[in-house]
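Trainee:
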Amino acid sequence: MTTVRQRRVGKGTEAAEDQAAEEKNGKPDGKIVSDHTGGKLWNILSITVGGIVAISLGLLTSVYVATLHENDLWFSNIKEVEREISFRTECGLYYSYYKQMIQAASIQQGLHGLVYDNKTESVRTINILERMNVYQEVFLSILYRILPIQQYLEPVYFYIYTLFGLQAVYVIALYVTSWLLSGTWLSGLLAACWYITNRIDTTRVEFTIPLRENWALPFFAVQIAAITYLLRPHLQPVQERLTLMAVFAATFLFSLTWQFNQFMMLIQALALFILDCFDMLPAAKVTWLYIIQISGLLLVCVLQFFNSMILGSLLLSFNASVLFARTIQKNLKKGSLLNRLGKLILHVLLVLCLTLLVNKFIKKILNLESDEHIFKFLKAKFGFGATRDFDANLYLCEEAFGLLPLNTFSRLSDTLLFCIYIFVLFLMTVAAVIVAFRNLSGSNQVQFVAKMEECTVTLKPDAAYNLIHTVLFGCLALSTMRMKYLWTSHMCVFASFGLCSTETWKLILKCVHLYTSQRTHVIKYSVTIITLLYISYKFWPGIMDELSELREFYDPDTVELMNWIKSNTPNTAVFAGSMQLLAGVKLCTGRTLTNHPHYEDKNLRERTKQIYQIYAKRAPEDVYRILRSFGTDYVILEDSICYERRHSRGCRLRDLLDIANGHIMDGLGENEPDLKPSLYPRFCEEIKKNLPSYTTHFTRVFQNKTFHVYKLAKHK
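Using full-length UniProt numbering, you'd call the opening residue of the sequence shown number 1 and step up by one each time.
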């Protein structure tokens with residue numbers, strides 16, 4: 001590479017460069033050997049201390065989040081049904097498959113039950129291993145069965161401790177990435193401290209334990225660390241091969257554990273594509289990374305019984321298109337500035353057109369519609385036309401899929417993280433623009449190179465990758481709040497790297513004509529240590545208070561409902577209701593469901609919309625017919641949905657159903673002109689009046705302050 005200056009082998013600091021210069025000026029041979037030996041010993045000591053600190057911080061983070069979980073729920077003292085209810089919504093669904101595997105007579109029978117499952121969706125047999133990313137639950141359940149720990153550790157604790165243990169892997173990976181970028185483990189220490197003190201915005205593992213992202217993000221962080229190391233210069237062939245294997249393993253595990261893997265890796269592929277276009281990364285390594293993404297995703301596809309959503313992913317189409325376009329445009333990185341810009345524009349257009357054509361062709365051939373709701377949601381979210389689509393509006397109305405709230409930045413600024421991040425981002429972006437222009441112009445003028453040397457040294461290939469990575473995932477987080485955890489954790493890495501980087505301070509000091517090697521080191525370490533002391537002073541008391549705050553799980557209405565279902569309904573009973581509640585019903589009672597929260601299937605989305613007519617303005621005969629078509633024996637109505645106040649008018653579930661059905665919404669406010677009044681009252685309200693038209697089909701068998709359960713009549 002001629003576009004960026006590569007770091008010298010050694011400690012990676014200005015001191016190493018100064019020492020080399022002094023040796024060149026004529027040190028005695030004995031002194032050179034002595035200094036070399038001393039340098040090696042110092043490196044070994046530094047790596048040892050840094051490694052111990054990394055492992056210690058990782059373990060402390062695991063203990064920290066585990067303690068918060070225990071203190072919040074008093075998990076060790078509550079009943080099993082309460083523990084299971086604490087796994088809300090889709091968390092309960094995923095954990096139910098772990099429980100199912102544990103309770104199976106044998107591992108083979110447990111796997112058979114997952115491959116031929118007829119309890120997750122009534123009147124249908126589905127392959128859970130194909131539809132959902134639950135191999136981690138399968139692996140963990142098998143591990144629990146074969147290890148001699150059953151007498152000492154309950155299955156639920158084995159499960160949650162594994163997730164909390166992965167947080168140690170996560171923090172260590174962030175620590176190592178920052179260390180690799182900056183050359184000092186103090187940077188990793190700062191990144192880990194920021195991750196912990198900004199816990200509200202960096203993780204939610206302590207209250208959503210089984211969520212797929214809590215499994216996947218530690219492996220994603222390991223992958224980023226491996227890519228960062230791979231992009232370092234002068235790697236030995238053995239080091240490069242081992243690093244590529246680590247990238248593949250992390251990519252595979254990340255893809256296996258999260259259904260949104262393809263979208264996250266598409267953003268990563270876009271980052272590689274941008275950097276490759278501006279000649280800021282070694283082309284051969286970029287090619288390997290594209291191939292690793294494709295092979296990792298295809299291997300997951302095979303394990304998921306050729307899941308159609310993976311085969312039709314934009315990632316596979318994009319990576320294949322890029323590799324093809326690069327083979328037919330071999331002279332892309334040669335020529336004058338205007339010539340290269342023209343080639344670059346043509347290359348980008350070719351890749352985009354090929355991606356769309358290949359993706360459309362694959363979806364047409366395989367008749368894929370699994371992810372159409374995501375594109376409808378994105379189209380409506382970014383203002384490409386209003387929609388009455390129920391699925392798209394369901395996402396649009398959820399806070400998690402809205403824009404990132406502004407108070408997030410004030411919280412991140414309290415720890416100085418966001419302020420330093422913006423400062424580092426500005427410097428790196430300026431450097432990136434200069435390097436990109438220099439690469440495209442192909443300038444080799446000595447004076448120009450000398451003037452820009454300070455900028456290029458702050459943008460080595462590994463730093464360039466992390467810059468584009470943080471920018472693209474930042475855009476994702478700003479547009480969709482749920483994805484902020486991908487950005488904020490990397491923000492800790494990027495800010496700490498910039499603050500502890502010799503090149504950053506060297507550039508700043510040279511700009512103000514105050515540069516010396518000693519001054520650079522004094523400022524770098526002083527600012528880092530002062531920041532660590534500030535964080536410790538301001539946030540340590542708050543962390544201690546948080547750890548001492550004790551609460552207890554309390555949801556008597558749901559507990560009463562689950563106990564009633566287990567005691568008063570047959571094991572083969574089929575239940576209808578909201579997606580979130582039914583996940584808990586499956587986990588706590590093992591009963592068959594009509595629908596569930598894993599929404600990546602078109603048939604399930606259509607089924608859910610039909611089931612939700614229990615909250616719409618429909619005739620009792622219509623609702624009965626719909627429920628019976630899915631084999632429903634019992635339907636659970638929730639007052640929190642029927643009389644919802646959490647969302648504003650137009651975003652309540654009953655409003656979304658009214659709009660989709662073409663009916664006027666309840667309450668004061670405007671309605672679209674073509675919406676008409678319904679001929680029937682709202683089902684969930686009217687059924688409670690016990691009118692003959694309702695009691696003919698529905699009999700109330702259970703109620704408390706929150707839930708109403710009705711048994712469906714079985715008419716001939």
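No residue lacks a Cβ here, since even glycine has one placed at the ideal position from N, Cα and C.
Name the DSSP bridge partner or partners of Leu712?
Mentor: DSSP, once it has assigned bridges, lists Phe698 as partnering Leu712.
Trainee: Leu533: buried (16+ other C-beta within 10 angstroms of its C-beta) or exposed?
Mentor: Its Cβ having fewer than 16 others within 10 Å, Leu533 is exposed.
Trainee: Take Leu174 and list the residues in its own chain whose beta-carbon comes closer than 7 Å to its own, dropping the five residues that flank it on each side.
Mentor: Cβ neighbours of Leu174 beyond the five flanking positions: Ala191, Ala192, Tyr195, Ala221, Ser489, Cys492 and Val493.
Trainee: Express the C-alpha separation of Leu256 and Tyr135 in angstroms, rounding to a whole number.
Mentor: Looking at the two C-alpha atoms, the distance is approximately 7 Å.
Trainee: Checking the sheet assignment: what are the DSSP bridge partners for Leu593?
Mentor: Answer is Phe575, bridged to Leu593.
Trainee: Please state whether DSSP places Phe158 in a helix, a strand or coil.
Mentor: Reduced to three states, the DSSP call for Phe158 is helix.
Trainee: Report the CB separation of Gly188 from Val176 in whole angstroms; it is logged as a contact under 8 Å.
Mentor: Correct: roughly 6 Å between the Cβ atoms.
Trainee: Do Thr594 and Phe553 have their C-beta atoms closer together than 8 Å?
Mentor: It is not a contact, given that the beta carbons lie outside the stated cut-off.
Trainee: Write down every uninterrupted run of the alpha helix (DSSP H) in the stretch 507 to 577 whose length is 4 residues or greater and which is fully enclosed by it, in chain order.
Mentor: Qualifying alpha helix (DSSP H) stretches, in chain order: 517 to 548 and 556 to 568.
Trainee: Can you tell me whether Ile78 is helix, strand or coil according to DSSP?
Mentor: Three-state DSSP puts Ile78 in coil, outside helix and strand.
Trainee: In whole angstroms, give me the CA-to-CA distance for Ile224 and His708.
Mentor: Their backbone Cα atoms lie some 49 Å apart in a straight line.
Trainee: Go ahead and pull the three-state DSSP assignment for Glu130.
Mentor: Residue state, collapsed to three classes: helix.
Trainee: Pull the bridge partners of Val635 from the DSSP assignment, please.
Mentor: According to DSSP, which records beta bridges pairwise, Val635 is partnered with Ala576 and Tyr710.
Trainee: DSSP puts Lys676 in a beta bridge; with which residues?
Mentor: In DSSP, Lys676 forms a bridge with His663.
Trainee: Identify, in the order they occur along the chain, each residue of the same chain with its Cβ nearer than 6 Å to the Cβ of Val574, setting aside the five sequence neighbours on each side.
Mentor: The answer, listed in chain order, is Ser122, Thr592, Gly631, Thr632 and Asp633.
Trainee: Is the stretch 396 to 413 in contact with the stretch 326 to 342, if contact means three or more CB pairs nearer than 8 Å?
Mentor: Taking 8 Å as the limit for Cβ pairs, the verdict is that the stretch 326 to 342 does not touch the stretch 396 to 413.
Trainee: Where Leu332 and Val322 are concerned, what is the direct C-alpha to C-alpha distance, given to the nearest angstrom?
Mentor: Near 13 Å, if we compare the C-alpha coordinates of Val322 and Leu332.
Trainee: Any idea what DSSP makes of Gln703, helix, strand or coil?
Mentor: Reduced to three states, the DSSP call for Gln703 is strand.
Trainee: Quick check: the stretch 697 to 704 against the stretch 548 to 564, are there 3 or more CB pairs under 8 Å?
Mentor: The answer is yes - the stretch 548 to 564 touches the stretch 697 to 704, with three or more Cβ pairs under 8 Å.
Trainee: What number of angstroms, rounded off, separates the C-alpha of Thr197 from the C-alpha of Gln293?
Mentor: In a straight line, the C-alpha of Thr197 is about 33 Å away from that of Gln293.
Trainee: Which residue comes first and which comes last in the alpha helix (DSSP H) that contains Val205?
Mentor: First-last for Val205: undefined, no H or E at that position.
Trainee: With the cut-off set at 8 Å, would you say Thr202 and Tyr421 are in Cβ contact?
Mentor: Not in contact: Thr202 and Tyr421 (Cβ atoms no closer than 8 Å).
Trainee: Going by Cα to Cα distance, which pick from Phe390, Ile345, Ala320 and Asn307 is closest to Gly367?
Mentor: Gly is not the amino acid found at residue 367; the sequence shown has Asn there. That would be Asn307, whose Cα lies nearest to the Cα of Asn367.
Trainee: Let me make sure I understand the geometry here. Which of Arg625, Ile626, Arg628 and Ala616 has the alpha-carbon closest to that of Tyr643?
Mentor: Nearest option by C-alpha distance: Ala616.
Trainee: Using the Cα positions of Tyr612 and Thr589, report the straight-line distance between them to the nearest angstrom.
Mentor: About 22 Å.
Trainee: Taking the alpha carbon of Phe361 as the reference point, which residue from Val512, Gly312, Ala464 and Phe409 has its own alpha carbon closest?
Mentor: Nearest C-alpha to Phe361: Gly312.
Trainee: Round the Cβ separation of Val424 and Thr531 to the nearest angstrom and send it over; I've been treating them as touching at under 8 Å.
Mentor: That belief does not hold up - the Cβ atoms of Val424 and Thr531 are roughly 13 Å apart, past 8 Å.
Trainee: Am I right that Leu289 and Leu275 are in contact with their C-beta atoms under 8 Å? What's the rounded C-beta distance?
Mentor: With 8 Å as the limit, Leu289 and Leu275 do not qualify as a contact, their Cβ atoms being about 10 Å apart.
Trainee: Secondary structure at Asp601, three-state DSSP: helix, strand or coil?
Mentor: If DSSP states are grouped into helix, strand and coil, Asp601 belongs with coil.
Trainee: Could you check what DSSP says for Asp389 in three-state terms: helix, strand or coil?
Mentor: Looking at Asp389 - three-state DSSP - the assignment turns out to be coil, as it is neither helix nor strand.
Trainee: At the level of alpha carbons, what is the spacing between Ser317 and Ile345?
Mentor: Each residue's alpha carbon lies about 19 Å from the other.
Trainee: State the beta-bridge partners of Asp276 as determined by DSSP.
Mentor: DSSP output for Asp276 lists no bridge partner at all.
Trainee: What number of angstroms, rounded off, separates the C-alpha of Arg625 from the C-alpha of Leu712?
Mentor: The alpha-carbon atoms of Arg625 and Leu712 are separated by roughly 10 Å.
Trainee: Please list, in chain order, all residues of the same chain as Gly559 whose beta carbon is under 8 Å from its beta carbon, the five residues on each side excluded.
Mentor: Residue identity check: residue 559 is Val in the sequence provided, not Gly. The residues are Lys79, Val81, Glu82 and Ile85.
Trainee: Within its chain, find whatever has a CB closer than 8 Å to the CB of Arg411; leave out the 5 residues flanking it on each side and keep chain order.
Mentor: The answer, listed in chain order, is Asn198, Ile200 and Asp201.
Trainee: Taking the C-alpha atoms as reference points, what is the distance between Thr569 and Cys91?
Mentor: If I take the Cα positions, the gap works out to 24 Å.
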